[in-house]
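Peer 1: Can you read through this structure? Questions will come right after.
Protein chains in written order, with my numbering: chain A, 77 to 378; chain B, 7 to 65.
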């Protein structure tokens, strides 16, 4: 008698799971900073081409998110925050996620090249590859500096938006790149402080897990200084007007006050981590406020 | 003997009618989404072409 083990029936993944694979919430900030980079550029962009360029930034970010989830399915399964994602929850097979990610990345870069220009397409390709290969594959599981260097991946969108509009790169988008790059460590380390146990369970060497809370708090305070300089630089160098200068001064003061509060704190077991959560929430709002201010300022004083 | 001589055993479990219906439903919804996306892509390519032609004429 021949016995065979039948392969169980698996449902094809739902389209909503493919959407979840693109990390739509993370994409919001990426699309917004890319849009602001484009709107701050000193040229008028055709609405259809502008829309397509922003769509390509969104699709590229979605592709990077999908490939990140494809590679990190084992880590996601160990973390409470991520274990309900399509792959760890078993709603999708890994091959589908890989094909979807690679296909979307290729499509977004080619479409950017057709609709905007090769420079924007090139920077988009670099940002996707940086996020997937440098951050996800190389750094994330190896060093607590993962989000410091990996932060560059999330800083590319204003540069891409500007390049899509003008065909070249200038000082302002480079400073906006620097701002997002230097904003990433205090933003992520604030999150890591109150999600420490999750990262520790998954074995991700985030700063609070490897170096401890005290060192992380000091690093948050220290990184806020160059971030504030990068935030003020567009105004100090005369690339924006007083409106941006005023907004950035107030918003950065609030950021610095929250960062100092987090830096000087020491917590015991069962602490609600309220200042850390406040810093994290403000850091998200901070970027929205600053990028909005850049665009409004450039439009008002243009 | 459980299997007929001319049939090799299938590695796949035979789906129940309920599972077949669920698979068909999932495939249908994915097909609809794919059709909408392809339609949007065609419209977008048309828009890009018009914008590029206009930009070319302006130069």
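Idealized CB from N, CA, C, for every residue including glycine.
Because the structure is a prediction, the values reported are computed rather than measured.
Cα separation between residue 194 of chain A and residue 334 of chain A?
Peer 2: The straight-line gap from Cα to Cα measures roughly 41 Å.
Peer 1: Under DSSP, the alpha helix (DSSP H) around residue 203 of chain A begins and ends at which residues?
Peer 2: First-last of the alpha helix (DSSP H) with residue 203 of chain A: 194 to 205.
Peer 1: For the alpha helix (DSSP H) that contains residue 339 of chain A, what are its first and last residues?
Peer 2: Residue 339 of chain A -> alpha helix (DSSP H) spans 318 to 340.
Peer 1: Compare the beta carbon distance of residue 85 of chain A and residue 33 of chain B with 9 Å and say whether it is the shorter of the two.
Peer 2: It is not a contact, given that the beta carbons lie outside the stated cut-off.
Peer 1: By a C-beta neighbour count over all protein chains shown, 10 Å radius and 16 as the cutoff for buried, is residue 107 of chain A buried or exposed?
Peer 2: When all chains shown are included, residue 107 of chain A counts as buried.
Peer 1: Return the first residue and the last residue of the alpha helix (DSSP H) that residue 22 of chain B is part of.
Peer 2: Segment: none, residue 22 of chain B is in no alpha helix (DSSP H) and carries neither H nor E.
Peer 1: Do residue 255 of chain A and residue 231 of chain A have their beta-carbon atoms positioned less than 9 Å apart in this structure?
Peer 2: For residue 231 of chain A and residue 255 of chain A, yes; Cβs fall inside 9 Å.
Peer 1: Starting from the beta carbon of residue 124 of chain A, find every residue of chain B whose beta carbon is closer than 7 Å, and list them in chain order.
Peer 2: Simply 53, 54 and 57.
Peer 1: Would residue 129 of chain A and residue 114 of chain A qualify as a contact pair, given that the criterion is a beta-carbon distance under 9 Å?
Peer 2: Yes, they are a contact pair.
Peer 1: Going by beta-carbon coordinates alone, are residue 105 of chain A and residue 363 of chain A separated by less than 9 Å?
Peer 2: It is a contact, given that the beta carbons lie within the stated cut-off.
Peer 1: In the DSSP assignment, find the unbroken alpha helix (DSSP H) run with residue 92 of chain A in it and report its ends.
Peer 2: Where residue 92 of chain A is concerned, the enclosing alpha helix (DSSP H) stretches over 91 to 97.
Peer 1: Listed in chain order, which residues of the segment 84 to 109 of chain A have Cβ atoms closer than 7 Å to some Cβ of chain B?
Peer 2: The segment 84 to 109 of chain A vs chain B, Cβ under 7 Å: 84, 85, 87, 88, 90 and 91.
Peer 1: Starting from residue 177 of chain A, trace the alpha helix (DSSP H) both ways and give me its first and last residue.
Peer 2: Start and end: 170 to 191.
Peer 1: Excluding five sequence neighbours on each side, which residues of the same chain lie with their C-beta closer than 8 Å to the C-beta of residue 272 of chain A?
Peer 2: Closer than 8 Å at the Cβ level, and outside the excluded window around residue 272 of chain A, lie 282, 284, 285 and 289.
Peer 1: With distances taken Cα to Cα, identify the nearest neighbour of residue 166 of chain A among A/89, A/250 and A/298.
Peer 2: For residue 166 of chain A, the nearest C-alpha among the options comes from A/89.
Peer 1: Along the chain, where does the alpha helix (DSSP H) that runs through residue 288 of chain A open and close?
Peer 2: Note, residue 288 of chain A: premise wrong, no alpha helix (DSSP H); not H, not E.
Peer 1: When you compare only the Cα positions, how much space is there between residue 145 of chain A and residue 97 of chain A?
Peer 2: If you take the alpha carbons of residue 145 of chain A and residue 97 of chain A, they lie about 7 Å apart.
Peer 1: Does residue 228 of chain A have its Cβ less than 9 Å from a Cβ in chain B?
Peer 2: Closer than 9 Å: no.
Peer 1: Report all residues from its chain with a CB closer than 6 Å to the CB of residue 197 of chain A; omit the five preceding and five following residues, and keep chain order.
Peer 2: Within the same chain, residue 197 of chain A has close Cβ partners 185, 188 and 189.
Peer 1: Among the candidates A/331, A/304, A/159 and A/100, whose CA atom is the shortest distance from the CA of residue 354 of chain A?
Peer 2: That would be A/331, whose Cα lies nearest to the Cα of residue 354 of chain A.
Peer 1: Would the segment 259 to 271 of chain A count as touching the segment 217 to 226 of chain A if we require 3 or more Cβ pairs under 8 Å?
Peer 2: Yes, since at least three Cβ pairs between the segment 259 to 271 of chain A and the segment 217 to 226 of chain A fall closer than 8 Å, the two stretches touch.
Peer 1: Please list the residues of the segment 19 to 43 of chain B that have a C-beta atom closer than 7 Å to any C-beta atom in chain A, keeping them in chain order.
Peer 2: Those residues of the segment 19 to 43 of chain B that come within reach of chain A (Cβ to Cβ, closer than 7 Å) are 19, 21, 25, 28, 29, 32, 33, 35, 36 and 39.
Peer 1: On a CA-only basis, which of A/292, A/140, A/337 and A/101 is nearest residue 211 of chain A? Give me that one, please.
Peer 2: Per the Cα distances, A/140.
Peer 1: Return yes when the Cβ of residue 315 of chain A is within less than 9 Å of the Cβ of residue 247 of chain A, no when it is not.
Peer 2: In this structure, residue 315 of chain A lies closer than 9 Å to residue 247 of chain A by Cβ.
Peer 1: Can you grab the Cα-Cα spacing for the pair residue 374 of chain A / residue 317 of chain A, in whole Å?
Peer 2: For residue 374 of chain A and residue 317 of chain A, the distance between alpha carbons rounds to 7 Å.
Peer 1: Kindly list, in the order they appear in chain B, the residues whose Cβ is closer than 7 Å to that of residue 242 of chain A.
Peer 2: Those do not exist, as residue 242 of chain A stays about 14 Å from chain B at its closest Cβ, beyond 7 Å.
Peer 1: Around the C-beta of residue 78 of chain A, are 16 or more other C-beta atoms found within 10 angstroms, so that it is buried, or is it exposed?
Peer 2: Model confidence at residue 78 of chain A stands at a pLDDT of 48, short of 50, so the residue's coordinates are unreliable; what they give is reported in the following sentence. Exposed, because fewer than 16 other Cβ atoms sit within 10 Å of the Cβ of residue 78 of chain A.
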